[in-house]
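> For the working numbering, add 32 to where a residue sits in the sequence shown, where the first one is 1.
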Amino acid sequence: MGRRTQHTLDDKLKEAEETALQPPPMYKVILNNDDYTPMDFVVEVLQKFFAMDTDKATEVMLSVHYQGKGVCGQFTAEIAETKVAQVNKFARTHEHPLLCTMEQA
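(1) Any idea what DSSP makes of M84, helix, strand or coil?
(2) Distance check for L41 and V74, CA to CA, integer angstroms please.
(3) How is T133 classed by DSSP in three states: helix, strand or coil?
(4) For G34, is the classification buried or exposed, using 16 other Cβ atoms within 10 angstroms of its Cβ as the cut-off for buried?
(5) Would you mind giving the Cβ-Cβ distance between G105 and F122, rounded to the nearest angstrom? I have them listed as a contact below 8 Å.
(6) By the three-class DSSP mapping on this structure, what secondary structure does N64 have?
(7) Tell me whether the beta-carbon of M84 lies closer than 9 Å to the beta-carbon of A112.
(8) In whole angstroms, what separates the C-alpha of V61 from that of V103?
(9) Does any residue of chain D have a CB that is nearer than 9 Å to the CB of V77?
(10) Give the range of the beta strand (DSSP E) segment to which Q106 is assigned.
(11) Spatial neighbours of P56 within its chain, please: CB distance less than 8 Å, with the 5 preceding and 5 following residues excluded, ordered by chain position.
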C-alpha cells in the first residue's frame, strides 16, 4: 500500500469518527396557549407525557398561560415528534384545542 493510499484511508477514518461522535440535534417540545383548554388538563398532559411532578407541571402550565408557550423538554427529533403527536391526539380525544409543537433547540 502506498503512502498516499494510507494517508487517504487515515483521513477517511478520522472523518468517519468525527461524524460518528456528533450528538444528535435536539428539539424543544412546546405547549402553546389557547383560550379554551383548562389549566388542570394542561397539568395532566405534562404529568402524563413528560413525567413532571405537580409543582413542575404547574410551573410550565403557568408559563404557557402567561407567556403564550412553555417548554416541556428537549428531545431527539424522533422522540419529540412522538410526544407532539401523542399530546395533540390526547387533546383532540378530550375535545381540547391544546397545540403541541416542536422547534430546534
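Backbone N, C-alpha and C define an ideal beta-carbon position, used for all residues, glycine too. All figures in this text were calculated on a predicted structure; none of them were measured in a lab.
Answer, in terms of the structure:
(1) coil
(2) 54 Å
(3) strand
(4) Residue confidence is low: G34 scores 49 on pLDDT, short of 50, so the model does not pin down where it sits. Its coordinate-derived value is still stated next. With fewer than 16 Cβ atoms within 10 Å of its Cβ, G34 is classed as exposed.
(5) With 8 Å as the limit, G105 and F122 do not qualify as a contact, their Cβ atoms being about 16 Å apart.
(6) strand
(7) no
(8) 6 Å
(9) Looking at the structure shown, chain D is missing, and only one protein chain is on hand.
(10) 101 to 108
(11) T108, A109
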